[in-house]
Amino acid sequence: VQRDAPQSIPSTPAGMHSPWSRAETMAIAGEQAQAAGDTAAAIDAWLDEAREHAAAGSYDAAIDAALRALALDTGAARVHLELARIYAQRGWRDQARAHAASLRRLLELEPDAAVQPALDELEHQLRPAAAPPEPPAQA
Numbered sequence: 469v470q471r472d473a474p475q476s477i478p479s480t481p482a483g484m485h486s487p488w489s490r491a492e493t494m495a496i497a498g499e500q501a502q503a504a505g506d507t508a509a510a511i512d513a514w515l516d517e518a519r520e521h522a523a524a525g526s527y528d529a530a531i532d533a534a535l536r537a538l539a540l541d542t543g544a545a546r547v548h549l550e551l552a553r554i555y556a557q558r559g560w561r562d563q564a565r566a567h568a569a570s571l572r573r574l575l576e577l578e579p580d581a582a583v584q585p586a587l588d589e590l591e592h593q594l595r596p597a598a599a600p601p602e603p604p605a606q607a
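First residue of the sequence shown? That's 469 in this note's numbering, and the numbers climb one at a time after it.
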């Protein structure tokens, strides 16, 4: 039995989401921007993708997206900041501190007023908690 192909493919019903997640959409946008030679737009898209993955708890995918952005501009302070944030969210505090320290050195060479306050806040969050006071010695 031969069946005729459908005349049209139904569109997504109102109120339903497309089959692509926002992170996947941003990944594609980043690839398209890179192919078009728009480095800034590719970085923006991949940082958005990284934030989406991190918010969903998909930290490996978030790191991958941030590293794609970093590969386009290794001196982009905002990319380094996002990577340090993702490391912190993942629970990799030592890596987050190390990356924040590297970013601090980068900002000494190339100040970025938009990144500086966010880095200050991240470093504050990453400081180890003060040790509780020791109990008095028994005599």
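In this text, a Cβ means the ideal position worked out from N, Cα and C, and glycines have one as well.
In this text the structure is predicted, and so the values were computed from the model without any measurement.
Where residue i falls, given that 16 or more other Cβ within 10 Å makes a residue buried
| i | result |
| --- | --- |
| glutamate 520 | buried |
| arginine 553 | buried |
| alanine 473 | At alanine 473 the pLDDT is 39, less than 50, meaning the model places this residue with poor confidence; the figure from the coordinates comes in the next sentence. Exposed: under 16 other Cβ atoms inside 10 Å. |
| histidine 592 | exposed |
| glutamine 502 | buried |
Residue i: first and last residue of the uninterrupted alpha helix (DSSP H) it sits in
| i | result |
| --- | --- |
| aspartate 580 | Neither: aspartate 580 is in no alpha helix (DSSP H) and is coded neither H nor E. |
| glutamate 602 | Neither: glutamate 602 is in no alpha helix (DSSP H) and is coded neither H nor E. |
| glycine 525 | That residue, glycine 525, is in no alpha helix (DSSP H); it is neither H nor E in DSSP. |
Residue of the options minimising C-alpha distance to residue i
| i | options | result |
| --- | --- | --- |
| isoleucine 531 | His548, Ala605, Glu591 | His548 |
| threonine 493 | Trp514, Pro579, Tyr527, Thr542 | Trp514 |
| arginine 573 | Asp588, Arg561, Gly559 | Asp588 |
| leucine 535 | Ala510, Gly525, Leu575, Asp506 | Ala510 |
| tyrosine 527 | Asp541, Ala566, Glu550 | Glu550 |
| glutamine 557 | Ala495, Ala566, Ala523, Ala545 | Ala523 |
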